[in-house]
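In case it helps, mature numbering (1 follows the signal peptide of the UniProt record, and there is no 0) puts the sequence shown at residues -18 to -1, 1 to 322.
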Amino acid sequence: MKWLALFLGVIVVTSVRAASVDVLVVTQVSVAKERLVEGVVEAASVTTASAETTGRVAEVLVDVGDVVSAGATVLRLVSVDQQAGLDQARAQVAEAQASYSAARQQFDRVDPLYAKRLLSKSTYDDAQSALRAAQARLKSAEASLKKAQQRVSYTTVKAAYGGVVSARHVEVGEAVQPGTPMLSGFDPKRLRVIADIPQSLVEHRAYQPDVQIELPDKSRVSPILVTSFPMADPRSGTRRIRLDLPSDVKTLYPGQLVKVAVQLGERQTIRIPLSSLLRHSEVSAVYVWSDERVALRQVRVGRQYGNEIEVLAGLRAGESILRFVDQGASYVLSSAEEGR
């Protein structure tokens, strides 16, 4: 049978070379009535790593599109000045520790003698003051050492969390100072969709719509959290909603446009098994069983629901169609089936 005949109307045949089939009666079913609006995917966790110390870029270990794990080193700065400051701070701590040890020993000698009234109070006070001053210098040196260690750590940039690098702002050899953006990234497991829905669909300020997001493969996913913004845009007459996606959604990325289906109740429609549908290019058709004969009829289809598909035009409830069970076999209607 030629597919061109689909454009010429209904074709009547008495045998079908297709498959083992059975006959089913078309019925109407209730499906969700919905309104499709456009939404934009965005990342809930977006980070830009900025320089926290002055220096030059020594290495950039990742590039745009790379996947990094939490804590992984992504960039290094030349650390000569910072390392020199760290060495100096360590030397100051060693010096302060030596001074503190000497002051402690001196005080430990003076204290028992003063208790026995063998030394003057002024000598005791001098030893005590020297000990306290040495202790203060040691604490100050230790604080400076921590700061120097922190400045050295700033020369190695690590990923705050696992994610994907979305932008690279610096190159090797480039000078940076505190606040200079270096790398940006996002967490692909924390995505959400922003959509503006018509105010006519909003019942009240705390409205929480029943929505689904349509993925590129036409399947749908429900958000794990719906946030309805408590204000409307008077220029567009819309209300914004934010839809947090499950972490296992792998086919979306920030900036992508998607369809958001807002559920508005139910409607009656016809759905048939995919195994009843024949496709050729942009044309869809079914075999209709009527008056002990089979006719090939063109239909217009809509959304797919699992193993079923919606028929928008070309079929009526109560009609019978063929469903192919074992495609690839050669099938001719038998007398028993003709009487069904």
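Every residue, glycine too, gets a C-beta built ideally from N, C-alpha and C.
| Item | Value |
| --- | --- |
| Counting only the same chain and skipping the five closest in sequence on each side, list residues whose C-beta sits under 7 angstroms from that of R305. | V3, D4, L6, P255, S257 and S258 |
| Look at the alpha carbon of D215 and the alpha carbon of R221, and state the distance between them as a whole number of angstroms. | 6 angstroms |
| Residues in the same chain with beta-carbon distance under 7 angstroms from Y82, minus the five sequence neighbours each way, listed in chain order, please. | A116, Q117 and L120 |
| Who pairs with E41 in a beta bridge, going by DSSP? | R58 |
| Helix, strand or coil, according to DSSP, for Y82 in the structure here? | helix |
| Given P163, which residues of its chain have a CB within under 6 angstroms of its CB, disregarding the five upstream and five downstream residues? | T30, S32 and H151 |
| Given a threshold of 16 other Cβ atoms within 10 Å of its Cβ, counted over all protein chains shown, does A123 qualify as buried or as exposed? | buried |
| Starting from the C-beta of S51, find all residues in its chain whose C-beta is less than 8 angstroms away, skip the five residues before and the five after it, and write them out in chain order. | A141 and G144 |
| Just tell me which of T9, V13 and V8 has its CA closest to the CA of G247. | V13 |
| What would DSSP say about Y96, mapped onto helix, strand or coil? | helix |
| Under 8 angstroms, with one C-beta from each stretch per pair, do the stretch 197 to 209 and the stretch 225 to 242 reach the 3-pair mark? | yes |
| For A109, I'd like the list of residues in its chain whose CB is within less than 7 angstroms of its CB, leaving aside the five on either flank, ordered along the chain. | Q88, F89 and V92 |
| Grouping DSSP H, G and I as helix and E and B as strand, with all else coil, what is R187? | Reliability of the predicted coordinates at R187 is poor, the pLDDT of 48 falling under 50, and the value obtained from them is presented with this limitation in mind. Three-state DSSP puts R187 in coil, outside helix and strand. |
| Decide if D107 is buried, meaning its Cβ has at least 16 other Cβ atoms within 10 Å, or exposed. | exposed |
| I'd like to know whether the C-beta atoms of R58 and E41 end up nearer to each other than 8 angstroms. | yes |
| Among all the DSSP beta bridges, which residues are the ones paired with V281? | S266 |
| Starting from I105 and walking both ways along the alpha helix (DSSP H), at which residues does that stretch end? | First, the residue type needs correcting, since residue 105 is Thr and not Ile in the sequence shown. Here the alpha helix (DSSP H) through T105 covers K103 to S135. |
| Just to confirm, is the Cβ distance from V193 to L239 under 8 angstroms? | no |
| Inspect the beta-carbon positions of E20 and A177 and report whether they are closer than 8 angstroms. | yes |
| Going by alpha carbons, who is nearest to V139 out of V56, K103 and V175? | V56 |
| Tell me which residues share the same chain as Q250 and place their Cβ nearer than 7 angstroms to its Cβ, disregarding the 5 neighbours each side in the sequence. | Q10 and S12 |
| Locate the beta strand (DSSP E) running through T29, then write down its first and last residues. | V28 to S32 |
| Round the Cβ separation of E292 and R285 to the nearest angstrom and send it over; I've been treating them as touching at under 8 angstroms. | 5 angstroms |
| For A76 and D69, what's the separation of their Cα atoms in angstroms? | 11 angstroms |
| Sorted by chain position, which residues of the same chain lie with C-beta nearer than 8 angstroms to P160's C-beta, five sequence neighbours on each side aside? | S32, A33, E34, T35 and T36 |
| Tell me, which residues are paired with Q286 by DSSP? | I291 |
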